[in-house]
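Participant:
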Amino acid sequence: MWQAGMARLGALAVGLDGVVAQQDNYRCGGLDLRGVPLQQLLDCDRPCFPSGRADFLRAWVHQPGHHVLGLLHQGRLAAYGVMRPCLQGHKIGPLIAGSAAQAQALLGALMARAPEGGAVFLDVPQPNAAAVALAEGCGMAPMFETARMYKGAPLLPDMRRTFGIGTFELG
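Heads up, the sequence shown is in this note's numbering, so the first residue is 45 and it goes up one at a time.
1) Sort 197, 193, 120, 198 by Cα distance to residue 81 and report the nearest one.
2) Give the DSSP-derived three-state secondary structure of residue 105 in the structure shown.
3) Using the C-alpha atoms, what's the distance from residue 171 back to residue 102?
4) Thinking residue 124 and residue 136 are a contact (beta carbons under 8 Å), I'd like their distance in whole angstroms, please.
5) Once DSSP output is grouped into helix, strand and coil, what is the label at residue 165?
6) So, residue 122 versus residue 142, is the Cβ gap smaller than 7 Å?
7) Looking at residue 169 and residue 203, is the spacing between their C-beta atoms short of 7 Å?
8) Are there 16 or more other CB atoms within 10 angstroms of the CB of residue 94, so buried, or fewer, so exposed?
9) With a Cβ-Cβ cutoff of 7 Å, do residue 154 and residue 111 count as a contact?
10) Just to confirm, are residue 148 and residue 178 a CB contact at a threshold of 7 Å?
11) What three-state label does DSSP hand residue 207 in the structure shown?
12) Could you name the residues of the same chain whose beta carbon sits closer than 7 Å to that of residue 132, not counting the 5 residues immediately before and after it, in chain order?
13) DSSP has residue 112 in a bridge; who is on the other side?
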């Protein structure tokens, strides 16, 4: 019910008087990641990408029109997602989370920021069955398929935490 209410309110400011012990649950609406130290973003992202990408993430989260949300657990960034405008609608990625519940909370919060009736796209890595199920549960369907290929021995990221890739061009 909370997510439906937040989706309906869109970008309006929303406040609540909540039980202190339930603050982590209330935060599931996502907090603006621009206020989180960059190192926390890098620490959250690092297991999901074969090399560090500080320059990319620093630029990616500050692009005009990008919505950047995260979830905190015990004061540290546990999950994050970015939504940006694309040619038709909006695209979400990366979407990095430690659990399907975290990914679902962030996906809902990001989708709530898209214009009503606008298309939202999520590039899901097929090896992550929970990510595929999340996309299907949101009514998303495959539009096309890609194959990941390597030259040399691959440095394999943790695909269980990757619920949406940033871009096909950049990972």
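Beta carbons: idealized from backbone N, C-alpha and C, even for Gly.
Everything numeric in this text was worked out from a predicted model, so none of it was measured.
Facilitator: Based on what the coordinates show:
1) 120
2) coil
3) 27 Å
4) That belief does not hold up - the Cβ atoms of residue 124 and residue 136 are roughly 11 Å apart, past 8 Å.
5) strand
6) yes
7) yes
8) exposed
9) yes
10) yes
11) strand
12) 163
13) 126
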